[in-house]
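Student: With my numbering applied, the sequence shown covers 5 to 511. Backbone N, C-alpha and C define an ideal beta-carbon position, used for all residues, glycine too. The structure under discussion is supplied below as structure tokens; questions concerning it will follow.
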Amino acid sequence: MPVSEAREVAWKSLGLHKDPTLEALFAADPDRVEKMSGRLDLGETGILFDWSKTHLTDELIGDFQTLAEASHFDEMRRRLFAGEVVNPTENRAAEHSALRGVGKESSVEEAAALLERMRLLVGAIHEGVLGDVKHLIHVGIGGSALGPALAVDALSRDLALVDVHVVSNIDGCALEQAFEACDPATTLIAVASKTFTTIETMTNAASAVKWLTDNGVEDPSGRVIALTANPEAAVEWGVDETRILPFAESVGGRYSLWSSIGFPIALAIGWEDFSAMLEGAATVDRHFRDAPMSDNLPLRAAFADLYYSRLRGCQTRAVFAYDERLGLFPDYLQQLEMESNGKSVTAEGEPVNGPTAPITWGGVGTDAQHAVFQLLHQGTHIVPIDFIASIAPGDELDPAHHRILLMNCFAQGAALMAGKKSDDPARSYPGDRPSTTILCDDFDAAALGALIAFHEHRTFANAVLMGINPFDQFGVELGKEIAKKIEKGGETFDASTEKLLGLAGLS
Ligand code: F6P
């Protein structure tokens, strides 16, 4: 039977499930928490994943496993780690795991050599070989910015070896703010772009070099480091070959923080912690590659995701980190999940048989409780939620801070599930609202690496079960094309756009 038909049959059977309430599921099974949880060991620490407050049951998981078999999950996973083509529309492999040491041997070796080159440059900068370096302005956008921004913010709060400013937006206000915070005499510029053609990045890079020149920095181009899979374009742009840190074409933009795109992370936190982040991710790679379907944590997460998006019609999923250090995690996940799986056709080019990626959104607890949780508890939308927290505190203040933080996190999951009946409808909570808790023993570099890799593989697993290609992103092209046409002039657009262009003096 062709894979699309087998998948269709599996989805039909999934659609026949009754949906007992969470309360009923807990009442029926005293071992539910154990059965619906899994732990990832990261050496001395680890991460617990608790799906017991979702509607997953043994039967549902069994049927999702049937769907995974029908979708050739084992074969797709093998291809991913073997460095074979998993991105058919661009005829490419997706070898981000090779940067973590897991993948096709030759790719792992090549990635290690490129990372070694980066390690040497980072070490040289820390040792002062490039003079006094206090600041780095990292210009990049999308995958060339979101991962670095997240990791730098999460891991270098106590002590940044170099003060990093990630600038992505073409809006000059963003770059001006970085200029304000940096001394040109002690600033390096990293130009991060897989293609080295992205208009926002190249415009920001040119303005950053001009800022160095205008401020009397001798040899401004010697202060520029290029992070790219297109070294030829970087040379052409004027970057010295010794300052180019390349990475492989088979590493996708939104999967690239492990490559030289992670240069600002290593510069801010040091090589040891950067390696720990890679190793945390490698632990997830090995687990995802080797664990059977029944124990596979990213796959289990994908089952829960698809249950809510496809069988319960949930159009969004939310992530709340009860950890200030993960404030940028929802932004990072938005690109990872929505750019990967926001598709309408299968990998074979056929229309998909149901909704694809839900809208990912979120924030930090407890702030979000005082802003958006009203809707989550009493609104008409069911929003599956991931709560992320760390048992060990990140702060050194009175332990009351962390105690209250964690108590609130756990209270929200309990409240969403239990609900509360009241004679007053306005004070009634329906309950039966799902959440997953991801609880780190400690939130360090290894845990961050593991969390990100877990979400990468969860995204891949979702894509396989939906039959779509998560590694292309043609949807971002049309807007870019039209912007170029506007710049070039000579074309007429719809009446609304023409009016706006006229008002802004752009027609
Ligand atoms: O516009 C989307 C995109 O292609 C992303 O996928 C990518 O991460 C981003 O642009 C930046 O691309 P580059 O790293 O080539 O500048």
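#1: Shorter than 6 Å, the distance from the beta carbon of Ile145 to the closest heavy atom of the ligand F6P, or not?
#2: For a quick check, are the C-beta atoms of Phe278 and Ile265 less than 7 Å apart?
#3: Using beta-carbon positions only, say whether Ala194 and Leu159 come within less than 7 Å of one another.
#4: Work out the CA separation of Gly398 and His291 for me, nearest whole Å.
#5: Can you tell me which of the three DSSP states Arg161 falls into?
#6: So, with DSSP's three-state summary, where would you put Leu249?
#7: Starting from Ile203, follow its DSSP beta bridges and name the residues at the other end.
#8: Suppose you measure from the CA of Thr207 to the CA of Phe377; what does that come to, to the nearest Å?
#9: How many angstroms separate the CA atom of His3 from the CA atom of Ile229?
#10: Hey, Met421 and Lys57: beta-carbon distance below 7 Å or not?
#11: Of the residues Ile392, Phe85, Glu354, which one's Cα is nearest the Cα of Leu440?
#12: With the cut-off set at 7 Å, would you say Ser148 and Ala115 are in Cβ contact?
#13: Is it the case that the segment 199-215 contacts the segment 174-183, given that we only count it when at least three CB pairs across the two stretches are under 8 Å?
#14: Going by the CB atoms, is the gap between Arg96 and Asp289 shorter than 7 Å?
#15: Restricting to Cα atoms, I'd like to know which of Ile141, Ala237, Leu301 is closest to Phe53.
#16: Assuming Asp335 is part of the alpha helix (DSSP H), what are its boundary residues?
#17: What did DSSP end up calling His381 once you bin it into helix, strand or coil?
#18: Does the Cβ of Lys198 lie closer than 6 Å to at least one heavy atom of the ligand F6P?
#19: Taking the alpha carbon of Asn219 as the point to measure from, which residue in Arg321, Trp15, Ala238, Ala189 has its own alpha carbon closest?
#20: Counting Cβ pairs closer than 8 Å, one from the segment 317-327 and one from the segment 478-487, do we hit at least three?
#21: Gln181 and Arg258 - do their beta-carbons sit closer together than 7 Å?
#22: Mark Met5 as exposed unless 16 or more other C-beta atoms lie within 10 angstroms of its C-beta, in which case mark it buried.
#23: Among the candidates Val368, Gly369, Ala372, Glu341, whose CA atom is the shortest distance from the CA of Ala361?
#24: By Cβ distance, which residues of its chain are closer than 6 Å to Thr205, with the 5 residues on each side in sequence left out?
#25: Can you say whether Pro152 is buried or exposed, counting buried as having 16 or more other CB atoms within 10 angstroms of its CB?
#26: My output table needs one value for Pro355: the three-state DSSP class, helix, strand or coil.
#27: For Gly257, verify whether its CB is less than 6 Å away from any heavy atom of the ligand F6P.
#28: If you drop the 5 nearest sequence neighbours on each side, which residues of the same chain put their C-beta closer than 6 Å to that of Thr370?
#29: Cβ of Ser254 versus every heavy atom of the ligand F6P: is any distance shorter than 6 Å?
#30: Can you say whether His405 is buried or exposed, counting buried as having 16 or more other CB atoms within 10 angstroms of its CB?
#31: DSSP state of Glu239, grouped into three classes?
#32: Using a threshold of 6 Å, is the CB atom of Val480 nearer than that to any non-hydrogen atom of the ligand PLP?
#33: If the criterion is Cβ atoms closer than 7 Å, does the pair Ala98 and Phe458 meet it?
#34: Are the beta-carbon atoms of Asp446 and Thr49 separated by less than 7 Å?
#35: Tell me the rounded alpha-carbon separation between Asp327 and Phe414.
#36: So what does Tyr433 bridge to, in DSSP terms?
Tutor: Reading from the atomic positions:
#1: yes
#2: no
#3: no
#4: 27 Å
#5: coil
#6: strand
#7: In the DSSP output, where bridge partners are listed per residue, Ile203 has none listed.
#8: 40 Å
#9: Because the chain spans 5 through 511 in this model, residue 3 falls outside it and cannot be assessed.
#10: yes
#11: For the sequence presented, residue 440 should be read as Thr rather than Leu. Ranking the options by Cα distance to Thr440, first place goes to Ile392.
#12: no
#13: yes
#14: no
#15: Leu301
#16: 333-337
#17: helix
#18: yes
#19: Ala189
#20: no
#21: no
#22: exposed
#23: Glu341
#24: Val143, Gly144, Ile145, Ser197
#25: buried
#26: strand
#27: yes
#28: Asn412
#29: no
#30: exposed
#31: The sequence given here has Val at residue 239, not Glu. Helix at Val239.
#32: With respect to the ligand PLP, the structure shown offers nothing to examine, as its ligands consist of the ligand F6P.
#33: no
#34: yes
#35: 13 Å
#36: Lys424
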